[in-house]
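Numbering (this note's numbering), first residue to last: 124 to 291.
Have a look at this one:
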């Protein structure tokens with residue numbers, strides 16, 4: 124009787140251990156590309172502009188990079204950047220519902236090749252080059268890329284005042 128109990132206990136232990144190992148391994152592999160990345164502060168320039176690393180996902184590299192640019196600017200505009208590298212943590216627009224209140228304006232502002240492109244530039248100061256972070260993540264048919272951009276915070280604030288989105 125002791126022999127049967129020992130064999131049964133060993134078999135049960137083996138089944139439990141194999142289930143744990145199998146489930147942990149497959150979860151990590153499937154979830155890696157679905158991680159949500161936060162915009163990161165890379166530094167502040169003398170003119171008040173912020174260098175940030177924005178992340179975006181899309182069906183190909185071009186779409187993901189374009190989305191990363193928009194996400195970086197959107198976070199500076201609406202959320203602020205939480206960092207210990209000197210970035211201004213406050214958003215340009217303080218009203219938490221401004222995106223919904225001015226939906227038509229911001230839909231046009233963030234349209235592909237829309238006005239948002241006036242307020243971002245590449246790491247080297249050019250308007251055409253953006254530093255795409257090496258290494259991408261893939262989840263299903265989506266790819267995720269990081270892009271280092273410089274956000275012209277002062278110019279962005281002036282535009283929001285001129286367009287009467289924020290008070291002077």
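All C-beta atoms in this analysis are idealised placements derived from N, C-alpha and C, irrespective of residue type, glycine included.
Neighbourhood of residue i by C-beta distance below 7 Å, restricted to the same chain and skipping five residues each side
| i | result |
| --- | --- |
| residue 215 | 199, 200, 276, 279, 280 and 283 |
| residue 225 | 288 |
| residue 87 | Past the edges of the chain, shown from 124 to 291, lies residue 87, and the structure says nothing about it. |
Neighbour-count burial assignment, residue i, 16 or more Cβ in a 10 Å radius
| i | result |
| --- | --- |
| residue 287 | exposed |
| residue 213 | exposed |
| residue 191 | buried |
| residue 217 | exposed |
| residue 221 | buried |
| residue 179 | buried |
Residues of its chain near residue i, where Cβ-Cβ distance is below 6 Å and the 5 sequence neighbours each way are ignored
| i | result |
| --- | --- |
| residue 193 | 233 |
| residue 161 | none |
| residue 181 | 187 and 190 |
Neighbourhood of residue i by C-beta distance below 8 Å, restricted to the same chain and skipping five residues each side
| i | result |
| --- | --- |
| residue 208 | 164, 165, 166 and 167 |
| residue 290 | 284 |
| residue 204 | 162, 163, 164, 173, 175, 198, 210, 211 and 212 |
| residue 235 | 189 |
| residue 237 | 231 |
Sub-8 Å separation of residue i and residue j beta-carbons
| i | j | result |
| --- | --- | --- |
| residue 188 | residue 268 | yes |
Closest by C-alpha distance to residue i, when choosing among the options
| i | options | result |
| --- | --- | --- |
| residue 171 | 266, 210 and 227 | 210 |
| residue 219 | 231, 202, 182 and 229 | 202 |
| residue 173 | 266, 206, 181 and 183 | 206 |
| residue 270 | 230, 228 and 186 | 186 |
| residue 272 | 159, 169 and 177 | 177 |
| residue 266 | 169, 159 and 183 | 183 |
| said: To test your reading of the DSSP string, which unbroken alpha helix (DSSP H) runs of 4 or more residues are found completely within the segment 148 to 234? | reply: 184 to 197, 221 to 224 and 226 to 232
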